[in-house]
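A.B. asks: Here you go, one structure.
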Amino acid sequence: MIQLLIKPYLQVFDYRSKSSIKEFWTFFIGVYLILILLGIVGNRIGVENLRIYFAALSFLPLVALGFRRLNEVGINKWLFVIPIAGLYLAGLPAKGQELR
899 MIQLLIKPYL QVFDYRSKSS IKEFWTFFIG VYLILILLGI VGNRIGVENL RIYFAALSFL
959 PLVALGFRRL NEVGINKWLF VIPIAGLYLA GLPAKGQELR
């Protein structure tokens, strides 16, 4: 199981091969649980940004793993980016407004 959590970091720039459903969900849930633990530990020791650093470190491996998973299923891999693009676009300020 630990190998399934480490493998996506080693294959961070591999967008063409395939990944199993077990590999995808193990990594996704593992990263989520680690983020929760880092949030709790970070708040207790006074380092609140600990989970942000880990999330940033895990972002590209998650995207690459999502691309590989969609390759396995036979779906266009760029569809994995739509939720990410939607979150980015939703965070943009309205025309004529500045960020506060």
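Here our numbering is used: the first residue of the sequence shown is 899, the next is one more, and so on. All residues carry an ideal CB built from backbone N, CA and C; glycine is no exception.
(1) Which value, in whole angstroms, describes the spacing of the CA atoms of L902 and L963?
(2) Please give me, in chain order, every unbroken run of the alpha helix (DSSP H) with length at least 4 that falls completely inside the stretch 937-975.
(3) What is the DSSP secondary structure of G989, reduced to helix, strand or coil?
(4) Does the stretch 909-919 come close enough to the stretch 929-948 to have 3 or more Cβ pairs within less than 8 Å?
(5) Rounded to the nearest angstrom, how far is the Cβ of F978 from that of L968, given a contact under 8 Å?
(6) Could you check whether V929 and L960 sit closer than 9 Å to each other, using their CB atoms as the reference points?
(7) What's the gap between the Cα of I943 and the Cα of Y951?
(8) Going by other Cβ atoms of all chains shown within 10 Å of its Cβ, with 16 needed for buried, is S915 buried or exposed?
C.D. replies: So, from the listed chains and residues:
(1) For L902 and L963, the distance between alpha carbons rounds to 11 Å.
(2) For secondary structure counted as the alpha helix (DSSP H) over 4 or more consecutive residues, the stretch 937-975 holds these complete runs in sequence order: 948-971.
(3) Taken through DSSP and simplified to helix, strand or coil, G989 comes out as coil.
(4) Cβ pair count under 8 Å is below three, so no.
(5) At roughly 6 Å, the Cβ-Cβ gap stays under 8 Å, so F978 and L968 are in contact.
(6) Yes, the Cβ-Cβ distance between L960 and V929 is below 9 Å.
(7) About 15 Å.
(8) Per the 10 Å Cβ criterion, exposed.
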